[in-house]
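Chains A and B, in that order, give the protein sequences. Read in order, the letters of the first sequence are residues 37 to 360 in the working numbering. Read in order, the letters of the second sequence are residues 490 to 694 in the working numbering. Glycine is no exception: its CB is placed at the ideal position from the N, C-alpha and C atoms. Here the structure is a predicted model, which means the values were calculated and not measured. For reference, the structure is listed below as structure tokens.
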Amino acid sequence: MLIKQRPSWVLPESEVTPKSIYLNRRKFMTGAIGAAASLTVPGLLHANDASSGLKALDYRSATEYSTDEKKTPLDDVTAYNNFYEFGTGKGDPAKYAGEMSVDPWSVEVEGECERPGRYALEDLLKPHDYEERIYRLRCVEAWSMVIPWVGVPLADVIKQLQPNSRAKYVYFETLHDPKQMRGQRSLFSTVEWPYREGLRMDEAMNELAFLAVGLYGETLPNQNGAPIRLVVPWKYGFKSIKSIVRIRFAEEQPKTSWEMLAPNEYGFYANVNPEVDHPRWSQKQERRLPSGILRPNWIETTKFNGYEEQVAHLYKGMDLAKYY
Amino acid sequence: MAAITKRVMAGVAAKVMVFCLALVPLALLISDILTGSVGPDPGQAITERLGLTAFQILLLTLLITPLKKLTGWSGWLRYRRMLGLFVFFYASLHILAFLQLLLGWGDLWATFTKRPYLVMGAAAFVLMLPLALTSTKGMMRRLGRGWKPLHRLIYPAAGLVWVHFLWQARSDITEMVVYGVVLFVLLGLRVYWSGLSSLIPLRRG
Ligand code: HEM
């Protein structure tokens, strides 16, 4: 029963380190109980998707790209999310993302490239080895986390799809399916679905841009953007689009969701920048989560979220107050 | 005599019950804090919950007059002052939580000048201050006919709180719309029954 819920696109069983090694006892117990319960109570199956359908991944540690800052605990990373497709409360995605089915999953590749087409996720990922990168994630709402992602460099996947010379931008889309995503059924949502994001080609090819399929050594929980999501750590979190179903290579700069919604508050670039405030709050500092109960855990926000060395050259000569 | 005492007792019991009910949101919040279930950003969560409770009780307070009108029972009025003071209580906790748990007494000036929706909240609180201070029997007596026009300040205060709430929205405004409709109906009923002038504070008539 449990096996069935696991996405099939992850590595074949033989290449994967036995899951039992990764599982701590508590998780093993809930997994077992979940499996037993789902045998008897069909309704419970959904509720368990997000937490017990996860599978251990095989990867190497890319320490050269990793911070040694204290990681945000797994429980917090999976309980506190912005994923408006499932509601605007921070706890909504953990509650409702189990209603989304991520297996099978395919990604439509289109636009200015030599290899367009509909890719089963496993085919898109097959040529690549997984690595783990511990990145800072800075939300535009002035909180941040440190998360160990598992995935592949975006540049490797882009090379595989062979964009042509007209491809100046990469555009991404999240799944749009109101039946599975209750936030998309909301009457007063001001987001025009599907959720859209984009990068300039040189940003997308930067060594830091990453396609994550897992975190903390296992496949992504649904609320974190399963089965595949973008991670661009020098930009505000909303650029790191979740549950990707479409990749388009474009000549023109694509319209992105938050820019469409409030262009004076959110720009296409959305680079982390303590010098450019959000119109409704300051971006000089951030609360590193978990924050204290009695005292908030404020730390200084750094330019490009501390990745200035790797990405500052992309924006040479650009007025970042204008192109925020 | 016995009948009167019984009624008084029932009245007191009802008041105690309302008092306890109004403390339930605080009790739940404290229990969530103690069991560590407020999440990884407790300051934000606690601030939001206290603010929302204050607003909810504020709407309950505004429901009293319509209830009286609709049921013909003026007993509802007995709970209005207590509820009003609970609004002030939760709003004060909300602001304290914001300052201590969320902001950590950081740059107050920048905080308020950068975030106009906070100014709305602060303005609402400033309007509530005189209401809390003049809620005692003694003050009511002293203000006489001036008490009621003064306490109509709760209407603009409620509007400001709603703006404070709406202005924070990043995308989905369902919750704000729902609260807005409730507030609109509560104020609209007054206009319907007593005319627009019945909403204007500080003016006798
Ligand atoms: C100096 C005065 C006030 C300050 C500084 C303040 C601050 C805040 C802050 C920081 C938030 C969270 C917003 C965010 O997510 O960024 C908030 C939310 C809120 N506040 Fe206030 N506030 C004030 C007064 C009030 C008053 C007087 C009320 C009501 C009686 C109120 C009701 C609310 C409500 C309903 C929310 C929304 C809670 C939610 O998101 O569910 N606030 N306030």
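Cβ-heavy atom distance between residue i and the ligand HEM below 7 Å?
i	result
residue 580 of chain B	yes
residue 576 of chain B	yes
residue 322 of chain A	no
residue 593 of chain B	no
residue 667 of chain B	no
residue 662 of chain B	no
residue 655 of chain B	no
residue 583 of chain B	yes
residue 650 of chain B	yes
residue 541 of chain B	yes
residue 537 of chain B	yes
residue 208 of chain A	no
residue 533 of chain B	yes
residue 617 of chain B	yes
residue 673 of chain B	no
residue 224 of chain A	no
residue 342 of chain A	no
residue 123 of chain A	no
residue 599 of chain B	no
residue 607 of chain B	yes
residue 547 of chain B	yes
residue 610 of chain B	yes
residue 274 of chain A	no
Identify, in the order they occur along the chain, each residue of the same chain with its Cβ nearer than 6 Å to the Cβ of residue i, setting aside the five sequence neighbours on each side.
i	result
residue 231 of chain A	210 and 293
residue 279 of chain A	210, 211 and 261
residue 360 of chain A	303 and 312
residue 42 of chain A	Any reading at residue 42 of chain A is ruled out, since the residue's pLDDT is 40, under 50, leaving its predicted position unreliable.
residue 610 of chain B	653
residue 235 of chain A	206
residue 273 of chain A	173 and 175
residue 306 of chain A	271, 272 and 275
residue 607 of chain B	601
residue 544 of chain B	650
residue 167 of chain A	95, 96 and 98
residue 659 of chain B	none
So, for residue i: in the same chain, excluding its five sequence neighbours on each side, which residues have a beta-carbon less than 7 Å away from its beta-carbon?
i	result
residue 651 of chain B	668, 669 and 672
residue 153 of chain A	145
residue 238 of chain A	350
residue 192 of chain A	164
residue 69 of chain A	With a pLDDT of only 39 at residue 69 of chain A, under the threshold of 50, the placement of this residue in the model should not be trusted; the figure read from the coordinates follows. Closer than 7 Å at the Cβ level, and outside the excluded window around residue 69 of chain A, lies no residue.
residue 640 of chain B	620
residue 510 of chain B	none
residue 285 of chain A	147, 148, 149, 199, 203 and 206
residue 613 of chain B	646, 649, 650 and 653
residue 630 of chain B	none
Just reading off the alpha helix (DSSP H) that residue i is part of, what are its end residues?
i	result
residue 652 of chain B	643-655
residue 663 of chain B	663-683
residue 234 of chain A	Element bounds for residue 234 of chain A: not the alpha helix (DSSP H) but the beta strand (DSSP E), 232-236.
residue 345 of chain A	344-347
residue 290 of chain A	Premise fails: residue 290 of chain A is in no alpha helix (DSSP H) and is neither H nor E.
residue 579 of chain B	569-586
residue 101 of chain A	From DSSP, residue 101 of chain A is part of no alpha helix (DSSP H); its letter is neither H nor E.
Over the uninterrupted beta strand (DSSP E) stretch that includes residue i, give me the two end residues.
i	result
residue 613 of chain B	From DSSP, residue 613 of chain B is part of no beta strand (DSSP E) but of the alpha helix (DSSP H) over 605-622.
residue 142 of chain A	142-147
residue 335 of chain A	334-336
residue 208 of chain A	205-210
residue 272 of chain A	No beta strand (DSSP E) holds residue 272 of chain A; DSSP gives it neither H nor E.
residue 171 of chain A	167-174
residue 179 of chain A	179-189
Which same chain residues end up closer than 8 Å to residue i when comparing Cβ atoms and leaving out the 5 residues on each side of it in sequence?
i	result
residue 58 of chain A	Only weak support is given to the placement of residue 58 of chain A: the predicted model assigns it a pLDDT of 36, under 50, and the value that follows is read from those uncertain coordinates. Here the set comprises 92, 253 and 254.
residue 228 of chain A	293, 296 and 297
residue 586 of chain B	532, 535, 536 and 539
residue 226 of chain A	297
residue 106 of chain A	182
residue 301 of chain A	294, 314, 315 and 316
Validate contact between the segment 265-274 of chain A and the segment 233-253 of chain A using beta carbons, cut 8 Å, 3 pairs: yes
Report yes or no: do the segment 591-600 of chain B and the segment 330-342 of chain A share at least 3 C-beta pairs separated by less than 8 Å? yes
Decide if the segment 561-577 of chain B is in contact with the segment 494-513 of chain B; the criterion is three or more beta carbon pairs, one per stretch, under 8 Å apart. yes
Three or more C-beta pairs closer than 8 Å, one from the segment 547-555 of chain B and one from the segment 132-151 of chain A: is that the case here? no
Under 8 Å, with one C-beta from each stretch per pair, do the segment 529-539 of chain B and the segment 320-328 of chain A reach the 3-pair mark? yes
Flag this pair as touching only if the segment 165-184 of chain A and the segment 104-122 of chain A have three or more C-beta atom pairs under 8 Å; answer yes or no. Taking one beta carbon from each stretch, the segment 165-184 of chain A and the segment 104-122 of chain A have 3 or more pairs nearer than 8 Å; the two touch.
So, does the segment 492-502 of chain B touch the segment 623-631 of chain B, judging by three or more C-beta pairs under 8 Å? Because the criterion of three Cβ pairs below 8 Å is not met, the segment 492-502 of chain B and the segment 623-631 of chain B do not touch.
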